[in-house]
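So for the sequence shown, full-length UniProt numbering puts the first residue at 1; every next one is plus one.
Just so it is clear, CB atoms sit at the ideal spot from N, CA and C, and this is done for glycine as well.
See structure below.
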Amino acid sequence: MTDVTIYTDGACKGNPGPGGWGALLRAGQAEKELWGGEPQTTNNRMELTAVIEALAALKRPCRVHLYLDSEYVRKGITEWLPGWKARGWKTAERKPVKNDDLWRRLDELVHGRGHEVHWHWVRGHSGDPGNERADALANRGVPGR
Numbered sequence: 001m002t003d004v005t006i007y008t009d010g011a012c013k014g015n016p017g018p019g020g021w022g023a024l025l026r027a028g029q030a031e032k033e034l035w036g037g038e039p040q041t042t043n044n045r046m047e048l049t050a051v052i053e054a055l056a057a058l059k060r061p062c063r064v065h066l067y068l069d070s071e072y073v074r075k076g077i078t079e080w081l082p083g084w085k086a087r088g089w090k091t092a093e094r095k096p097v098k099n100d101d102l103w104r105r106l107d108e109l110v111h112g113r114g115h116e117v118h119w120h121w122v123r124g125h126s127g128d129p130g131n132e133r134a135d136a137l138a139n140r141g142v143p144g145r
């Protein structure tokens with residue numbers, strides 16, 4: 001299995017508002033930058049999209065160390081997802097899961113592609129070089145910037 005390090009971040013100018021996502025992928029000496037955005041979205045959707053786009057870019061099963069500053073995404077995929085699925089994509093309060101379209105796609109990428117993903121939370125805007133680059137990419141993706 002190839003070892004890949006990924007840093008992701010989302011950005012939103014207003015919430016909701018125009019938003020962007022960014023990802024930095026590293027495998028050995030190779031690096032790849034990805035970014036994009038939407039004219040009307042939320043920060044949580046951009047955080048999720050960054051992870052989805054990064055994992056979708058992998059062409060074969062990899063051992064991934066994924067660094068992100070979103071507790072929403074990290075806890076969602078590592079803690080909340082099994083309950084949501086067991087309840088038919090409902091929260092513990094029996095309300096529809098927000099952003100379930102993105103959560104379903106992320107679930108498929110993480111659990112259906114043979115990747116071994118290790119999730120690492122980092123504090124945003126704290127000087128972590130990978131997180132700072134992902135943040136810059138996310139801001140590059142914001143429409144109109």
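Using the C-alpha atoms, what's the distance from residue j back to residue i?
{"i": "residue 145", "j": "residue 139", "result": "8 Å"}
{"i": "residue 86", "j": "residue 79", "result": "13 Å"}
{"i": "residue 16", "j": "residue 61", "result": "34 Å"}
{"i": "residue 143", "j": "residue 53", "result": "17 Å"}
{"i": "residue 123", "j": "residue 94", "result": "31 Å"}
{"i": "residue 34", "j": "residue 91", "result": "31 Å"}
Looking only at C-alpha atoms, which of the options sits nearest to residue i?
{"i": "residue 137", "options": "51, 2, 29 and 111", "result": "51"}
{"i": "residue 103", "options": "93, 120, 92 and 84", "result": "84"}
{"i": "residue 69", "options": "111, 59, 41 and 131", "result": "131"}
{"i": "residue 14", "options": "63, 45, 124 and 73", "result": "45"}
{"i": "residue 98", "options": "43, 64, 35 and 111", "result": "43"}
{"i": "residue 120", "options": "67, 71, 108 and 11", "result": "67"}
{"i": "residue 71", "options": "47, 92 and 55", "result": "47"}
{"i": "residue 65", "options": "12, 6, 128 and 129", "result": "6"}
{"i": "residue 134", "options": "59, 73 and 32", "result": "32"}
{"i": "residue 129", "options": "11, 12 and 23", "result": "23"}
My assumption, with CB atoms under 8 Å, is that residue i sits in contact with residue j. Please give the rounded CB distance.
{"i": "residue 89", "j": "residue 96", "result": "7 Å"}
{"i": "residue 27", "j": "residue 2", "result": "6 Å"}
{"i": "residue 106", "j": "residue 77", "result": "6 Å"}
Within 10 angstroms of the Cβ of residue i, are there 16 or more other Cβ atoms? Answer buried if so, exposed if not.
{"i": "residue 18", "result": "buried"}
{"i": "residue 57", "result": "exposed"}
{"i": "residue 115", "result": "buried"}
{"i": "residue 141", "result": "buried"}
{"i": "residue 108", "result": "exposed"}
{"i": "residue 36", "result": "buried"}
{"i": "residue 11", "result": "buried"}
Going by DSSP, what residues sit across from residue i in a beta bridge?
{"i": "residue 63", "result": "3 and 116"}
{"i": "residue 96", "result": "90"}
{"i": "residue 68", "result": "8 and 121"}
{"i": "residue 25", "result": "6 and 32"}
{"i": "residue 41", "result": "17"}
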